[in-house]
Amino acid sequence: MSLIPLALLSLAGFVQNSHGFVQLATTSSPPLTTTKLLPSSPLWAANDAEGANDNESSGLLLQKDAKSQLFASFSALSLADQYDAVLTGLCAKILDGTLEAKSDDEERGSQLSDPMQLLQEMNDKRLVASPRSIMALIDATVKAQDAKTLASVMSLCTRNGAVTSFGYCLQDIQALPATPQTSVRCPDGSTKTRTERLQSTESVPVDDRVSEVGSALATLAIAGSCEMTDFVPGLADVSPEAHIILTAMVTVGVVDNFYDLLKSASNVALSQVGGDDDKKSNLELPEKEALPFGLGSGQATGQVVRGMTRLFSIDPTREAQTEAAALFVAYSLALPVFCFRSNSLEAALLAAESTEGGFLSDTGILRLLMWLLAPVAAEAAQYPTLISSDPREATGFLDRLESYAEKNPTVAEALWWMGNDQERTDLLNWAYAETSVLLRDNRKVVRELTERLEGGAATIGDCIAVMERW
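In numbering that gives the first Met the number 0, the protein residues as written are 0 to 469.
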C-alpha cells in the first residue's frame, strides 16, 4: 500500500493550517469531478464515514464535501507532485516543531521514518523529487542532529537523482603519500615528492590567541586602573604618575603602529615650511629601523593589537566566508556533517563510530581534516590574522583520536602516525594544502554561498540549492 494516504492522515493539522501545499475549497464549493490518481485504500473510506458523523475525528476534513474536494484537488496533480506535496508537508511539521525531537538518537531519527519511506517509494517508482521537497527533507534531517540519519537521507536523495553534487569532489583529493620520497602529481601539473610539495605550499597557520587575548585584557586593566585614580577617593596622590603611565602606553601604541603615517605627515609639513634645509633635516623623524625596541614595525604591541581585534572585531562577511567554506567542503566530500561550524568533537565521533573503516581510513581522516581546516584556509587566504576560524580544531581532532586509540584497538590500528610527530605534521599540512586547492578551484560556488549566508536567514537547504544549482 502507498504511504500517501497514511501520510495525508498525519498531515491533517498541516492542511488545515493552510501552508499552501494542498489548497482546499470552502464547504460551499462544488466538488470537482477529476479522475482520482490516488491509490484506493480502506483508510479513505473509513475516514469518509467518520468525517460525516463525527466532528472530532482525526480525519483530513470536517465535512464530507470538503473531503471530496481534497480528493479531487489531489487527483489533479501528477503522482510525482502528490509525493512532493506530502513529503514537503511532513518535513514542514518537523521543522515547525509539531513532531518533538527526542533525546535518544534512535527516537530522534524515527520522526524522519515517514519522509524517508516516502522518498524510498519515489525511488522505487523512479520519481524524481523536486528541489523544494529535498530542501525541506534535508533541513528536517539536520534538525535531528544525527549523522547516521543524515547519511541515510543523503544516500536516498542521491539514488533518487535529485541530488547530484553530494561528494562530487571526492575524486579531486589526493591522499597523503606513504613516504616522504613518494612522487605525486601536483595540481599545477608538476610531479614532486611529498616533501617537495609540502615545502612549496603554505603550512597550517598558527596563532597564540590565548596569550593575545590575555595581553589585551591586561592592557585594558592597566589603562582602566590609571584612569580610575581620578575618581577613587584616596588615590589622588598617585594620579599624576598614573597619567604618565597611561600617556606612555598610548604613545608607544601610536608610534609602533602608525609610525609610517606620522613620518609621512611630518615630511609633508616640513616641505611646506620655508627655511634652511639643514635645520629641516634636523627636524625630520628618524627611520623606524633606528627606533629602540623595534618600535614602528608593530612588533612591540602586535600581540596586544591582535588581542584587541579578537575581543572587539565583528565582521559578518568574515564569519560567512568561513561558514561557507566548511559547508562546501563537507558537502563536496560527502561528509554527513551539515553545520556552519566545523568542530573536532563531531569529527572525532564520526571517525570513531564509523563502521568498516569508513572514516578511519587514510582518505576518511583526510576528508575530516579538510573539513576542519576549511574555515582556516578560507580566512587565511584573505586576512593576515585568523579571527573567525581556529586551526586548533584540526590538531584537537587528532588528539581526540589518539585518546580513543588507548581504549579502542580498531582506532589505534588506523592511526599510522602515532609516535611520529613528523608524520602527524605532514598529514596536517597536506590536508591544509588540499583544502586550499579545493576552495580555490571552487571559489565561485563558495562566494555564492557566502553571499547567501551573509543575509542571515539561509538554511542548510538554501545553501545546498546553491551547490546543486537549483
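Where is the CB? At the ideal position from N, CA and C, for every residue including glycine.
Nearest residue (CA-CA) to residue i, options the options
i	options	result
ALA329	PRO374, ALA289, PHE311	PRO374
ASP95	LEU136, ALA75, ARG340, SER353	LEU136
ALA249	GLU226, ARG208, THR192, LYS191	It should be pointed out that residue 249 corresponds to Val in this sequence rather than to Ala. Of the listed residues, the one whose Cα sits closest to VAL249 is GLU226.
VAL205	ARG391, GLU412, VAL436	ARG391
SER265	GLU286, THR157, THR246, ALA247	GLU286
VAL336	ALA413, PHE165, GLY295, LEU89	PHE165
ALA128	VAL445, ARG196, GLU450, GLY160	GLY160
ALA333	ALA379, PRO232, CYS168	CYS168
ALA324	TYR431, LEU348, LEU290	TYR431
LEU359	SER132, SER224, ARG399	ARG399
ALA146	LEU427, VAL410, LEU348, ILE364	LEU348
ASP389	ALA351, ARG340, GLU352	ARG340
ALA351	ASN407, ILE133, SER224, MET121	ASN407
VAL410	ALA150, ALA75, LEU290, GLY357	GLY357
SER413	LEU397, GLN421, ASP420	The question names Ser, but residue 413 in the sequence shown is Ala. It is LEU397 whose Cα lies nearest to the Cα of ALA413.
Where residue i falls, given that 16 or more other Cβ within 10 Å makes a residue buried
i	result
VAL303	buried
LYS178	Position check: residue 178 holds Thr in this sequence, whereas Lys was assumed. Its Cβ having fewer than 16 others within 10 Å, THR178 is exposed.
THR140	buried
LYS142	buried
ASP113	buried
ARG184	exposed
ARG366	buried
PHE73	buried
ALA91	buried
ASP187	exposed
GLY12	Model confidence at GLY12 stands at a pLDDT of 45, short of 50, so the residue's coordinates are unreliable; what they give is reported in the following sentence. So GLY12 counts as exposed.
ILE313	exposed
GLY88	buried
ALA456	exposed
GLY363	buried
ASP207	exposed
GLN68	buried
Check whether residue i and residue j have beta carbons under 8 angstroms apart
i	j	result
LEU371	ALA346	yes
LEU86	LEU126	no
ALA343	GLY395	The residue asked about is misnamed: residue 343 is Ser in this sequence, not Ala. A contact, by the Cβ cut-off of 8 angstroms.
THR192	SER182	yes
THR308	GLY252	no
LEU448	VAL465	yes
THR321	ALA377	yes
GLY295	TYR258	yes
GLU211	GLY306	yes
GLU467	VAL162	yes
ALA217	LEU245	no
VAL445	LEU452	no
GLY213	ASN256	no
GLU433	ILE93	no
TRP469	LEU175	no
THR228	LEU234	yes
GLN119	LEU155	yes
ALA379	LEU385	yes
LEU261	LEU284	yes
SER387	ARG317	yes
VAL203	LEU427	yes
ASP83	ARG131	yes
ASP425	LEU197	yes
Assigned secondary structure, residue i (DSSP; H/G/I helix, E/B strand, else coil)
i	result
ARG340	coil
SER129	coil
VAL152	helix
ARG468	coil
SER182	strand
LYS92	helix
LYS124	coil
LYS191	strand
LYS262	helix
PRO239	helix
VAL436	helix
LYS406	coil
GLU201	coil
TRP415	coil
ILE463	helix
PHE358	coil
GLU167	Note on residue identity: the sequence assigns Tyr, not Glu, to residue 167. Coil, per DSSP.
GLN81	helix
ALA215	helix
PHE396	helix
ALA299	coil
VAL272	coil
GLY293	helix
GLU450	helix
Any C-beta of chain B under 8 angstroms from that of residue i
i	result
ILE463	You won't find chain B in this structure, because it holds only one protein chain.
(message) Using 8 angstroms as the cut-off, can you tell me whether the segment 460–467 makes contact with the segment 389–409, which would need three or more C-beta pairs spanning the two stretches below that distance?
(response) Taking 8 angstroms as the limit for Cβ pairs, the verdict is that the segment 389–409 does not touch the segment 460–467.
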